[in-house]
Amino acid sequence: MTRGTKGLARAGALALVAALAGCANLQTETRVERGPSLRTFDREGPATPGGVEVTASAQWPKLALGLATYDVCKNEKVEEYVEERITETTAPAAGPALGTGVPLTLVGAGLLATQGLFSNKPDTRFIDATGRYGPTPRQVATGWGTVLLVVGVPALATALIELAQTGEKTEQRKVESVVSAMETHCHVKPAAGELTLQGGQAVTQPLMDGKVELTPQAALSLDTSRLALDGREVDLTPEAQAQVEQFRACARSVPAPGPEALAAPKSEVVAERLEDAISCEKVPGAPAAEARAAYEKELQARRERGEATGGPPVKSWDEAVAALKPELRFEPGSPDTEKLDAPDRLVGQAALMRGLLRAWVEPNIAAVDIGARRVWVFLERDRKQLGDLEGGMRVEGVVVVAGHQTLGEVELPLLRAVWLRPAM
Amino acid sequence: MGSVIARIVLPCLVAAALAGCTGPAAPDAAICQDVIHRLCLSPRCPSVDAALGVGDSCESTLLSRTGCGSDSFMFTSPPRDTMLQCRVLLLRQGNAPEQHPSCDDVQDFLNECGDVVAFLKGPTP
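Here the protein sequences line up with chains A and B, keeping their order. Take 0 as the starting number for the first sequence in numbering that gives the first Met the number 0 and just add one per residue. Take 0 as the starting number for the second sequence in numbering that gives the first Met the number 0 and just add one per residue.
Put into structure tokens, the structure is as follows:
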């Protein structure tokens, strides 16, 4: 091995060590933590275009529709807090590098420092193939010392550099977080333009301070699903829709026609007008009470004549009791039950009935036992509307005495049931 | 990293470092004495006795013939390099001072190094 080759080998080895030892291995881990809350405040977001709001208010005989434009404003509840970004740097290899670098550096430096203490006499017992004696102890010590320093110093330097860079760094910044957001109508102002009332014949009316007034006739022909402001469709609020319907009910039912005119329509129509009059009672200024009384009187008269009136427009037990206000009680042990001996004297009178439903003899006629007395009960409404009413069931009903009825060869008092239900 | 240094890097560095560490050149007398000592190490190869005409006093005889026993001895013929090249044949089994060369190696030495054999035989009367 020539001296030049030896020199290159040494240089290569040194470069390799330097490269390996110079690679500081640092591990970085970053985590984000929420710090203390600084404040909470309300913030108004940018307004966005909303639309047109249509309200209604009725004062008989006028129905006023109010149109207003609005924007949608977003109100946010914002919490401001500190966000901490913590970066932790560790050097897992620093320990081993330090454990390697320190002893190697110390020993290497020690050998080089004390090389003068080693003998410089060659080992004459040994002659190599080139005819040279073996290295002197001083040469060995110098060689070892150099090698150990070459390895130890970079390792030590690497360890020290890594240790210097380890630690924890914290960065703080303010963060805003929207806790809640609520959208409301804002910047409400009366609309301007022309309102087109669809339905029947389209009519266009200019708005006066955002309002337009309708007569009862105009309200009846109003198609609330096709209102348009300057050609753009607008919708009523649910409350406005309900008020329009109540006003229309008034338009249909008040004032009630005279007795002669009232006798003409079918009972179903009269019952519907009665329902409209009841709904109309919510409209301020409307003569709904008088109309309701007229319709109720007409229906009662028809019942007394034995005509099917379809009953008052009731939708529940309580409405039936409220409408008929029964004063008689047909139930076991009640003295009123004895009056069924002469049912023709009780025609048109309302009563509360309690008994045992024996069987349906006709689709709408049942035989009911009130104690030891049996009566026919005629159900004017569809039986299915009242649920399951089967034979053998205890029932109670709001009834009107309708005289007597013969079915087959059996004649019994006839009670017309406005409402029938299983007994509680 | 420490295990890499201990197992691979460090030995390589030591070998690289010590590869350039050698002592001074041995004097001609020491080289000549070393060759004679290896040839005469017992048990001597028969070819040594036959080729060099020596017996049990092999080493002392050869040192006397060649003059290598003197510290001032210097190679003339054969030259130092020739002696070193032929000596390498006797080092095939190892470099230790008491390492006995194989008789095959000795035979190679006797066959290939005529100048050295003639030197060891001494001047012709």
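For each residue, glycine too, the CB sits at the ideal point set by N, CA and C. On a predicted model such as this, the values are computed, not experimentally measured, just so you know.
Alpha-carbon to alpha-carbon, residue j and residue i
| i | j | result |
| --- | --- | --- |
| V150 of chain A | L97 of chain A | 12 Å |
| S71 of chain B | R91 of chain B | 28 Å |
| A20 of chain A | Q98 of chain B | With a pLDDT of 46 at A20 of chain A, under the threshold of 50, the modelled position of this residue cannot be trusted; read the value that follows with caution. Whole-angstrom Cα-Cα distance: 42 Å. |
| P215 of chain A | R302 of chain A | 32 Å |
| G192 of chain A | P205 of chain A | 6 Å |
| A371 of chain A | D317 of chain A | 28 Å |
| R37 of chain B | A92 of chain A | 53 Å |
| A425 of chain A | V397 of chain A | Chain A is shown from 0 up to 423; residue 425 of chain A falls before or after that span and cannot be answered. |
| P325 of chain A | M181 of chain A | 52 Å |
| G109 of chain A | A156 of chain A | 18 Å |
| R344 of chain A | S220 of chain A | 48 Å |
| L298 of chain A | L406 of chain A | 27 Å |
| A287 of chain A | A416 of chain A | 28 Å |
| A217 of chain A | E408 of chain A | 58 Å |
| L37 of chain A | V81 of chain A | 7 Å |
| W418 of chain A | L385 of chain A | 8 Å |
| D114 of chain B | G133 of chain A | 28 Å |
| V106 of chain A | T141 of chain A | 11 Å |
| V374 of chain A | L355 of chain A | 10 Å |
| R328 of chain A | A260 of chain A | 36 Å |
| P122 of chain B | R64 of chain B | 8 Å |
| A112 of chain A | S118 of chain A | 14 Å |
| V152 of chain A | L162 of chain A | 15 Å |
| R84 of chain A | A190 of chain A | 52 Å |
| T39 of chain A | K76 of chain A | 7 Å |
Min CB distance residue i to chain A below 9 Å
| i | result |
| --- | --- |
| C20 of chain B | yes |
| I30 of chain B | yes |
| F70 of chain B | A small fix is needed here, since residue 70 of chain B is Asp in this sequence, not Phe. Judged by the 9 Å Cβ criterion, D70 of chain B is not in contact with chain A. |
| V87 of chain B | yes |
| P77 of chain B | no |
| P51 of chain B | Reading the sequence as shown, one finds Leu at residue 51 of chain B and not Pro. Not one chain A Cβ lies under 9 Å of L51 of chain B. |
| P100 of chain B | no |
| D104 of chain B | no |
| D33 of chain B | yes |
| L83 of chain B | yes |
| L90 of chain B | yes |
| L119 of chain B | no |
| P122 of chain B | no |
| P96 of chain B | yes |
| P42 of chain B | no |
| P23 of chain B | yes |
Segment limits, alpha helix (DSSP H) that includes residue i
| i | result |
| --- | --- |
| Q404 of chain A | First-last for Q404 of chain A: M392 to L406, but that is the beta strand (DSSP E), not the alpha helix (DSSP H). |
| G144 of chain A | P136 to Q164 |
| D107 of chain B | C102 to E111 |
| M82 of chain B | R79 to L88 |
| T65 of chain B | C57 to T65 |
| V320 of chain A | W316 to L323 |
Range of the contiguous beta strand (DSSP E) that encloses residue i
| i | result |
| --- | --- |
| T104 of chain A | No beta strand (DSSP E) holds T104 of chain A; the alpha helix (DSSP H) holding it covers A93 to A112. |
| S56 of chain A | T47 to Q58 |
| E212 of chain A | K210 to L213 |
| S36 of chain A | Q26 to E43 |
| D234 of chain A | R231 to L235 |
| E297 of chain A | It is not in any beta strand (DSSP E) - E297 of chain A instead sits in the alpha helix (DSSP H) that spans A287 to E303. |
| D122 of chain A | D122 to I126 |
Presumed contact (8 Å Cβ cut-off) between residue i and residue j, rounded CB distance
| i | j | result |
| --- | --- | --- |
| L66 of chain A | L228 of chain A | 6 Å |
| F78 of chain A | S224 of chain A | Sequence check: residue 78 of chain A is Glu here, not Phe. Actually they do not touch by this definition, with Cβ atoms about 44 Å apart. |
| C185 of chain A | A46 of chain A | 6 Å |
| L226 of chain A | L194 of chain A | 7 Å |
| T236 of chain A | T68 of chain A | Between T68 of chain A and T236 of chain A the Cβ distance is about 14 Å, and since that is not below 8 Å, they are no contact. |
| I369 of chain A | F377 of chain A | 15 Å between Cβ atoms; not a contact. |
| A57 of chain A | Q240 of chain A | A57 of chain A to Q240 of chain A, Cβ: 12 Å. No contact. |
| R131 of chain A | G22 of chain B | 6 Å |
| V34 of chain B | M73 of chain B | Between M73 of chain B and V34 of chain B the Cβ distance is about 15 Å, and since that is not below 8 Å, they are no contact. |
Closer than 8 Å: residue i CB and nearest the ligand GDP heavy atom
| i | result |
| --- | --- |
| S252 of chain A | With respect to small molecules bound, the structure shown includes none, and the ligand GDP cannot be examined in it. |
Within-9 Å CB hit, residue i to chain E
| i | result |
| --- | --- |
| A270 of chain A | Looking at the structure shown, chain E is missing, and the protein chains on hand are A and B. |
* To do: Closer than 9 Å, Cβ to Cβ, to anything on chain B: give me those residues from the segment 122–142 of chain A, in chain order.
  => D122, T123, R124, F125, I126, D127, A128, T129, G130, R131, Y132, G133, P134, T135, Q138, V139, T141 and G142
* Listed in chain order, which residues of the segment 106–117 of chain B have Cβ atoms closer than 7 Å to some Cβ of chain A? -> none
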